[in-house]
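Single-structure report; data block below.
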Amino acid sequence: MDAVATGSELNKSGSGGSERSDDSGGGGGGIFEYSGWVYHLGVNSIGHEYCHLRFLFIRGKYVAMYKRDPHENPGIKPIRRGVVGPTLMVEELGRRKVNNGDLYVLRFYNRLDETKKGDIACATAGEARGWMEAFDQAKQQAELELSKGISARDKLNMENEINLEGHRPRVRRYAHGLRKLIRIGQGPEKLLRQSSKLSSRTDGFEGDGGDAVEAHQWKCVFTLAGIRIFEDVSDHKNGKTVLAKSVGVIDATADTVFEVILNTDQQKRYEWDTLICDLELVDSYDGHYDVVYGTYDSKWHSKQDFVFSRQWFRGQDGTYTILQCPAIHKKKPPIHGYRRAKVNPTSWEIRNLSTSGASNSPRCLVTHTLEINSSSWCRWKNNQNSKFQRSIPHALLFQVAGLKEYIAANPALHHENATTVVHSKISDASISSAECEDEMQDEFYDAITADSSTSDEESDDDQKLVLQEPRVKLKNISWAITSLALKRTAAPDLSEELDPHVTPITIPSDLHCSLWKGKDDNDTNCWASPTGKGFMIRGKNYLKDSSKVVGGDPLLKLVGVDWLTVDKSVDRIALHPKCLVQSEAGKKLPFILVINLQVPAKPNYSLVLYYAADRPINKNSLLAKFVDGSDAFRDSRFKLIPSIVEGYWMVKRAVGTKACLLGKAVTCKYFRQDNFLEIDVDIGSSSVARSVIGLVLGYVTSLVVDLAILIEAKEESELPEYILGTVRLNRLKIESAVPLEA
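This is the structure:
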């Protein structure tokens, strides 16, 4: 099959609830419509892979896939249709090479049966993110219908799936009554032309910071060409290297900048990168990691080449992180006549900024961080004409300036992926709710319509869009990292979370677990329970001004930690006879929260945290609503804030300091019984999380890691937030994990 490398257009419209077709949920909220072009990937009956251009349409919780745009071809029948049910999961698989073009792949699967799955792909990561939001909105619609009350048959169908579903239990307020069409991307034909032009070889600190207190102390030492150069002055004990970064605001979306940085096209890099002469992709893995080979421009070093790996993530807030490290690859051994350079480890962080009221032009904050030899750095600071100015680290720092000027000089990049709003009407080709209810009772990827004349596996040459010079825009995944200003300490009233009418018990301190409790910060391979002062959480006025405050003491006491090795991931570990929960002391505790972090590796590991309450839970509290609520509610509220207190700076950049809704990022399973709630967190269920945890395990013996667990507050009555529990893992030793007995 020829290369297919076009973009997709995602249209999103919402209509009011005045008409039956616009209010299938029975409530007063508007129903969203999404439509646009995607690629459907799969394997046909004879084992051949296919990549077909398809038009995807979402209305409420109903989905249909067409060979042609139904708005332009009235009466056309969908080749695939169904519902976005509570058990439908969407996973971002990252970038994949498809027919010599790079596409960004989303996988759909049934949470109860992962053999029922299918893939679609988009030309850009921004469009992939848009479709993820579209399907998430459809899941919210299904939840809204459940909460409003529907027919007994439909409710029974949803209840069969609801235990494993959901990230948000109801449609957000701003979604109700929306009467606009939001166009994301430029449409398949226009993007086709832009992609072709992009690949042609022609001649010619703002916004929300992290949620943990930043360990670095950045000082601006130089400004030039619209960028600022900083150095980390927080720790001068190590005199060999200094951590420096360049920061600039670029008038483009984070998606666009991410694409430009990852693009290996020589002619395009020549326009902004003064350092690299040639760059080629050597190998790629799992959509979020690749290895590239290149040579430096002769003005920096004659006959010098390099190999480095690139690992990237996108956080839940849309921030991209790219980690670049020296690498070795068997396909690129040392070449005679070239000296193999050791690449400085660097990281890119790209975060969208809010637009001002006067302008709707996109902007993003770009940060490039690297280690530099301290002696040459100090000489350069004191004398701008030093040799450092002709060094590779200096050229790396000023890559941000090259990006800024390059994008400013290319209006197509400057406005690319900008969101424009136009008025729209509901098309006659829209799927009616009545039709959907009659014919779409199956999950989207379980259902192929009986009246479809052809299978999607069949060839459809009339619908292929082929690029003569295929090269698609790149983008993908990350977690946010920024510096942070401390605010006043939070002081939430926790007296009502636990039953105030019951006398607190004394929680025993001698509960036995496999990992021991450290006595001070000098101990290793141990755990501790820090206060919440290292974390930023939502304050009382968060819904009004987005203000965050320093966390207070945790509500629950950490009483033990197990560090276990297992053959495969183990759920319901609290039922194991050797578990703390099953001990005599554990059975006497009023309530225990068990967090089972399932770590994918060879072998697999489980880090099990046990948090105890000294009184029963107040039945009217947010904690009770979480403990005894639905899995959908738990997924939408279970939040973790990470912080690498001590350790290699690249690991800090990968992990970040931004809060993460775990139920949205990875698969979480909940088990409520007796006096405990267990949460099994499958880190391996996300390719991004697997990649990050793999990096962490490589440095874990030198890391001090703090984690805070919260229930996210979304209503004013739930504010300010409080910290449920914390843990500090001090320089954990992999080999100290204890095998879990069968």
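Going by this note's numbering, the sequence shown opens with residue 914, and the numbers climb by one from there. We put the beta carbon where it would ideally sit given N, CA and C, even for glycine. This one's a predicted model, so the numbers in the text were calculated from it and none came from an experiment.
From Tyr1523, Trp1044, Ser1534, Lys1515, residue whose alpha carbon lies closest to that of Ala1498: Sorting Tyr1523, Trp1044, Ser1534, Lys1515 by C-alpha distance to the C-alpha of Ala1498 places Tyr1523 at the top.
Run through the stretch 982–1040 for me and flag every whole beta strand (DSSP E) of 3 or more residues, listed as ranges in chain order. Listed in chain order, the complete beta strand (DSSP E) runs (minimum 3 residues) inside the stretch 982–1040 are 993–996, 1001–1011, 1014–1023, 1030–1035.
With a cut-off of 8 Å, do at least 3 Cβ pairs link the stretch 1615–1626 to the stretch 1547–1567? With the cut-off at 8 Å, the stretch 1615–1626 and the stretch 1547–1567 touch.
Are there 16 or more other CB atoms within 10 angstroms of the CB of Lys1181, so buried, or fewer, so exposed? Looking at its Cβ environment, which holds 16 or more other Cβ atoms inside 10 Å, Lys1181 is buried.
Reduced DSSP secondary structure (H/G/I, E/B, other) of Glu1664: Nothing can be reported for residue 1664: it is not among the residues displayed for the chain, which extend from 914 to 1655.
Candidates Ser1288, Gly1447, Tyr1635, Ala1567: closest to Ala1128 by CA position: The alpha carbon of Ala1128 has as its nearest neighbour, out of Ser1288, Gly1447, Tyr1635, Ala1567, the alpha carbon of Gly1447.
Select from Tyr1583, Ala1578, Pro1503 the residue whose C-alpha is nearest the C-alpha of Gly1542. Proximity to Gly1542 across Tyr1583, Ala1578, Pro1503 peaks at Tyr1583, based on C-alpha coordinates.
Considering only residues of the same chain and omitting the five flanking positions on each side of Asn1257, which have a CB-CB separation below 8 Å? Closer than 8 Å at Cβ, skipping near neighbours: Leu1283, Glu1284, Ile1285, Ile1305, Pro1306, Leu1309.
Local conformation of Trp1429 per DSSP, three classes: Coil at Trp1429, not helix or strand.
Within its chain, find whatever has a CB closer than 8 Å to the CB of Tyr1251; leave out the 5 residues flanking it on each side and keep chain order. If you ignore the 5 residues before and after Tyr1251, its C-beta comes within less than 8 Å of the C-beta of Thr1208, Lys1216, Gln1217, Asp1218, all in its own chain and listed in chain order.
Given this structure, state the Cα-to-Cα distance separating Ser1267 from Ala1572, to the nearest angstrom. So the two alpha carbons sit approximately 19 Å from each other.
Around the C-beta of Leu1653, are 16 or more other C-beta atoms found within 10 angstroms, so that it is buried, or is it exposed? Around the beta carbon of Leu1653, 16 or more other beta carbons lie within 10 angstroms, which makes this residue buried.
Where does Phe1311 fall in DSSP's three states? In this structure, Phe1311 counts as coil in the three-state DSSP scheme.
If you run the structure through DSSP and keep just helix, strand and coil, what is Pro1652? Here Pro1652 sits in strand by DSSP.
Does DSSP classify Tyr1635 as helix, strand or coil? Here Tyr1635 sits in coil by DSSP.
Pairing CB atoms from the stretch 1509–1516 with CB atoms from the stretch 1462–1470, are three or more of them under 8 Å? Proximity of the stretch 1509–1516 to the stretch 1462–1470 falls short of the contact definition, fewer than three beta-carbon pairs being nearer than 8 Å.
By the 10 Å Cβ neighbour count, where 16 or more other Cβ atoms means buried, how is Gln1237 classified, buried or exposed? Burial call: buried.
C-alpha distance - Pro1443 paired with Val1640, whole-angstrom precision: Whole-angstrom Cα-Cα distance: 6 Å.
Roughly how many whole angstroms lie between the Cα atoms of Val1605 and Asp1210? Looking at the two C-alpha atoms, the distance is approximately 32 Å.
Outcome for Ala1322 when other beta-carbon atoms lying within 10 angstroms are tallied against a minimum of 16: Around the beta carbon of Ala1322, a 10 Å sphere encloses fewer than 16 other beta carbons of the protein chains shown; the residue is thus reported as exposed.
Check whether the stretch 1160–1168 and the stretch 1034–1051 are in contact - that is, three or more C-beta pairs closer than 8 Å. Touching, yes.
Buried or exposed (CB count within 10 angstroms, at least 16 for buried), Ala918: Because the pLDDT of Ala918 is 34, which lies under 50, any placement of that residue in the model is unreliable, and the question is left without a value.
Start-to-end residues for the alpha helix (DSSP H) that takes in Ala1621: Looking at the DSSP string, Ala1621 is not in any alpha helix (DSSP H); the run it does join, the beta strand (DSSP E), is 1617–1624.
Give the C-beta separation of Ala1525 and Ile1508 to the nearest angstrom, bearing in mind that I take them to be a contact with Cβ-Cβ under 8 Å. Separation of the CB atoms of Ala1525 and Ile1508 is rounded to 12 Å, and the pair is thereby denied contact status at 8 Å.
Between the C-alpha atoms of Val1462 and Ala1125, what's the straight-line distance to the nearest angstrom? Going by the C-alpha atoms only, they are around 11 Å apart.
Compute the distance between the beta-carbons of Ser1549 and Glu1410, then report whether it is under 7 Å. Between Ser1549 and Glu1410, the C-beta spacing is not below 7 Å.
Is Lys1245 closer than 7 Å to Tyr1198 when the C-beta atoms are compared? For Tyr1198 and Lys1245, no; Cβs fall outside 7 Å.
Residue from Cys964, Ala1051, Val1003, Gly955 with nearest C-alpha to Ser948: Nearest C-alpha to Ser948: Ala1051.
Runs of 3 residues minimum, wholly inside the stretch 1257–1309: which ones carry the beta strand (DSSP E) assignment? Positions of the beta strand (DSSP E) runs, each at least 3 residues long and wholly inside the stretch 1257–1309, are given as 1259–1266, 1276–1286 in order along the chain.
Asp1423 in three-state terms, based on DSSP: In the structure shown, Asp1423 sits in coil (DSSP, three-state: anything other than H, G, I, E or B).
Do you know offhand how far Glu1382's Cα is from Lys1552's? Because the pLDDT at Glu1382 is just 36, under 50, the model does not fix this residue reliably, and the value given afterwards should be weighed accordingly. C-alpha separation (whole angstroms): 45 Å.
Determine the direct distance from the alpha carbon of Asn1438 to that of Leu1428, and round the result to whole angstroms. Here the alpha carbons of Asn1438 and Leu1428 stand approximately 8 Å from one another.
Please list, in chain order, all residues of the same chain as Ser1222 whose beta carbon is under 6 Å from its beta carbon, the five residues on each side excluded. Once the five neighbours on either side are set aside, the close Cβ partners of Ser1222 are Val1204, Cys1238, Ala1240.
Cβ-based burial, Arg1303 [other Cβ within 10 Å; buried from 16]: So Arg1303 counts as exposed.
Would the beta-carbon of Ile1420 fall within 7 Å of that of Asp1587? At the C-beta level, Ile1420 and Asp1587 stay beyond 7 Å of one another.
One or two residues paired with Phe1546 in a DSSP bridge: DSSP lists no partner for Phe1546.
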